[in-house]
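In the numbering used here, the protein residues as written are 543 to 885.
Below: one structure, written as structure tokens.
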Amino acid sequence: MSNNRDTTSGATATSPPISAVLNDAVITALRAPSIHNTQPWKWIIRSQEAELYRDLRWHLPVADPDRKLLTLSCGAALHHARVAALAGGFQPLVHRMPDPDQPDLLARLNLGKAIPVTRDALQLYRATLLRHTDRRPVSSDPVAAELLQLLEERAAAEGVALHILRPEDVTDLLVAVGHAEQVEAGDPAFRAELAYWGGVSPRTPMGVPSSSLLQERPRHRGLPPRDFGAAGTLMEGPGDNSGARYAILHGDGDQPLDWLRAGEALSAVWLTATVEGLSVMPVSAVVEVPVGQAALRRLFGVGVPYLVIRLGLPAAPGTRLLTARRPISDSVSSVSDDLEADD
Ligand SMILES: Cc1cc2nc3c(=O)[nH]c(=O)nc-3n(C[C@H](O)[C@H](O)[C@H](O)COP(=O)(O)O)c2cc1C
């Protein structure tokens, strides 16, 4: 019996064609998280593959002079594309950093053989539409240990470690983050860059919208969300943050490939967390300044720290704080191989 969306037996004669799945993978990637919602990527779709480039127009020269968090953001987009390929019934084949002469070309994505669509793939795919950054305090409910272990496994499957901090380590983390934020706040160039990207109108296609930022500095305990220097419109809600857990994505390498993989791990962790009903808030100030990176290494014995995240059960579940994205035409172009051959 033919089945259009058979979730057990794999792609069928009526499965979407490769080109449709490739297009969908790239469109799905545009929903990925990125530092300050800069969306620092550019995709080129060819007939058989999609290429992911970093887009240096959206580089943050002050917070991210070495373009590490830019590359990490692109890695999250790459993982989103892989998730869509799996949900479309094809094995994603990724060649990372395929051309040393083209450092901006971060990955080539091809679709391999047709494979069964699993329930996990469909859940992660759906999560790409629901995932968002939630800066409100989380609830007092504890995050289950099995869930934290699942998130560690998802990061490990991407070749990246997720170090979950013990509750007694949190004070040290708060001090390290607070110090890094002080360093940034003391630098007018940092403040100007943050103010440029933070608190934008929700209709602006880039930047962190005021609708995703809290109205007031939160009164709850634990790590406050980043101060973008602009008041938001988001109510703090009923959470007291006491159930929050913090984790550090880290690894051994500090090369662009390592930061790309870190982004893939971030997406794997975040989409899984979304499926499981957890909220996620990245905390990057502490990896943006050398003194913060050094503190994370010294305090927690991690290798190269890529990103800190806050995990927790949302106090107001069900709300989606969606942020805008640039028009597709600004991030994606399609090139027919026939045309290329004619060039
Ligand atoms: C590498 C990286 C660093 C980030 N750093 C922070 C941060 O320090 N504070 C924060 O509130 N959000 C941070 N974010 C979240 C982004 O602001 C968010 O992904 C972006 O605005 C898009 O919104 P969305 O995640 O709701 O789709 C970070 C995201 C990434 C990928």
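We put the beta carbon where it would ideally sit given N, CA and C, even for glycine.
Only a predicted model underlies this, so the values are computations on that prediction, with no experimental measurement involved.
| Check | Outcome |
| --- | --- |
| Compare the Cα-Cα distances from G785 to each of R768, H792, E726, R708 and report the closest residue. | R708 |
| What is the residue span of the alpha helix (DSSP H) that V712 lies within? | 712-727 |
| Starting from S873, trace the alpha helix (DSSP H) in both directions and tell me its first and last residue. | 870-873 |
| With H, G and I counted as helix, E and B as strand and the rest as coil, what does DSSP make of S876? | strand |
| Just to check, is the beta-carbon of M777 closer than 7 angstroms to a non-hydrogen atom of ligand 1? | no |
| Is S754 near ligand 1, with its Cβ less than 7 angstroms from a heavy atom? | yes |
| Are G764 and V750 close, meaning C-beta to C-beta below 8 angstroms? | no |
| In chain order, which alpha helix (DSSP H) runs of at least 4 residues are fully inside the segment 543-625? | 560-571 |
| With 16 as the cutoff for other CB atoms within 10 Å, does I851 come out buried or exposed? | buried |
| In three-state DSSP terms, what is T816? | helix |
| Determine contact between the segment 620-640 and the segment 808-819, defined as no fewer than three beta-carbon pairs at a distance below 8 angstroms. | yes |
| Return the CA-CA distance between V685 and M823, expressed in angstroms with no decimal places. | 15 angstroms |
| Quick check: is any heavy atom of ligand 1 less than 7 angstroms from the C-beta of H674? | yes |
| Got a sec: does ligand 1 put a non-hydrogen atom nearer than 7 angstroms to the Cβ of S876? | no |
| Which of the three DSSP states is assigned to A866 in this structure? | coil |
| Could you check if R696 belongs to the surroundings of ligand 1, using beta carbon to heavy atom distance under 7 angstroms? | no |
| Taking C-beta to C-beta, are S754 and G774 nearer than 8 angstroms? | yes |
| What are the complete beta strand (DSSP E) segments, minimum 3 residues, inside the segment 643-701? | 647-656 |
| Can you say whether T660 is buried or exposed, counting buried as having 16 or more other CB atoms within 10 angstroms of its CB? | exposed |
| Which of the three DSSP states is assigned to S821 in this structure? | strand |
| Please return the same chain residues whose Cβ sits closer than 8 angstroms to the Cβ of L864, not counting the five positions on each side in sequence. | H674 |
| Closest to M748 by C-alpha separation, out of P575, T580, D566, would be which residue? | T580 |
| CA-CA distance, S682 and G654? | 44 angstroms |
| Hey, could you find the ends of the beta strand (DSSP E) P847 is sitting in? | 846-854 |
| Considering only the beta carbon of each residue, do L666 and R862 sit closer than 8 angstroms? | no |
| Quick check: does the Cβ of M748 come within less than 7 angstroms of any heavy atom belonging to ligand 1? | no |
| At the level of alpha carbons, what is the spacing between E758 and Q590? | 49 angstroms |
| Please say whether V833 and H721 have beta carbons closer to each other than 8 angstroms? | yes |
| Once DSSP output is grouped into helix, strand and coil, what is the label at F770? | coil |
| Helix, strand or coil: how does DSSP classify V894 here? | Any property of residue 894 remains undetermined from this structure, which presents the chain solely from 543 to 885. |
| Just grab the DSSP bridge partners of G793 for me. | V846 |
| Buried or exposed: which applies to I870, given that a residue is buried once 16 or more other Cβ atoms fall within 10 Å of its Cβ? | exposed |
| For A804, list the residues DSSP reports as bridge partners. | Answer is none; A804 lacks a bridge partner. |
| Below 8 angstroms, how does it come out for the segment 786-804 and the segment 696-706: are there three or more Cβ pairs, yes or no? | yes |
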